[in-house]
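Going by the working numbering, the residue at position 59 of the sequence shown is 97; the numbering climbs one at a time, nothing skipped. Before any comments, here is the structure.
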Amino acid sequence: FEGEGWGKDSFSFKTGIFSGEDYEVKVKVSSEKKTFEQEKTIIIKVSRPEIYFYEYNNLDNVKFQKSILEFNLNAGENISFIAEPFFIPKNSVSRMDYSWKVNGDKTEKSEPFNMMHFSSEAGNLGTADVNLKIEYSNFLDRLESGFRVNVRKCLIKN
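Below, the structure is given as structure tokens:
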């Protein structure tokens with residue numbers, strides 16, 4: 039792609055379907071009479087789509103400070119998790135289909151689809167594997183990720 043003339047202050051392009059590709063973009067700027075010329079090259083790295091999970095509660099909303107790989111929960115407590123997909127093509131966002139599973143069992147779908155409510159019963163201790171599959175675009179593209187919830191004895195401090 040080459041462009042010259044007034045108003046050429048932006049550049050758009052489509053990346054390939056495979057992530058991890060690097061694109062070299064070279065920009066050359068000059069004055070009308072060529073008394074000033076400057077050239078710069080940058081490398082644009084294409085990122086692989088990823089899902090990040092965050093804790094959600096009604097008081098603080100989404101806790102974006104730290105994504106979740108593993109979460110500790112006291113027995114008898116409830117918690118909500120929210121999934122945020124990154125690096126999904128912009129034109130695919132409205133067509134994303136979320137499928138949550140806990141220990142391999144599908145959960146019931148409810149809005150918002152990027153949120154999952156997790157309940158634990160008092161006295162029940164153990165771990166649960168939470169997984170999410172997001173299909174997007176023409177449903178040939180998919181993204182999968184997950185995290186572990188450790189349900190432990192309620193710790194009471196005096």
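Virtual Cβ for every residue (Gly too), placed ideally from N, Cα, C.
The alpha-carbon of serine 148 is positioned some 13 Å away from that of isoleucine 120.
In this structure, the beta-carbon distance from serine 183 to isoleucine 89 falls below 7 Å.
The residue from Asp60, Phe185, Asn110 and Phe102 with its alpha-carbon nearest to that of tryptophan 138 is Phe185.
CA-CA distance, lysine 52 to proline 127, rounds to 10 Å. Boundaries of the beta strand (DSSP E) around arginine 186: 179–190. Judged by pairs of C-beta atoms under 8 Å, the stretch 60–70 touches the stretch 82–102, as three or more such pairs exist.
Excluding its 5 nearest sequence neighbours in each direction, isoleucine 106 has C-beta neighbours in its own chain below 6 Å: Phe91 and Phe185, listed in chain order. In the three-state DSSP reduction, serine 130 falls in the helix class (H, G or I).
Contact between glutamate 93 and lysine 101 holds: their C-beta atoms lie close to 5 Å from each other, under 8 Å. For asparagine 112, the uninterrupted beta strand (DSSP E) segment begins and ends at 108–112. Residue Leu181 holds the alpha-carbon nearest to the alpha-carbon of phenylalanine 125 among Gly164, Leu181 and Tyr136. Under the DSSP assignment, phenylalanine 156 falls in the beta strand (DSSP E) whose first and last residues are 153–157.
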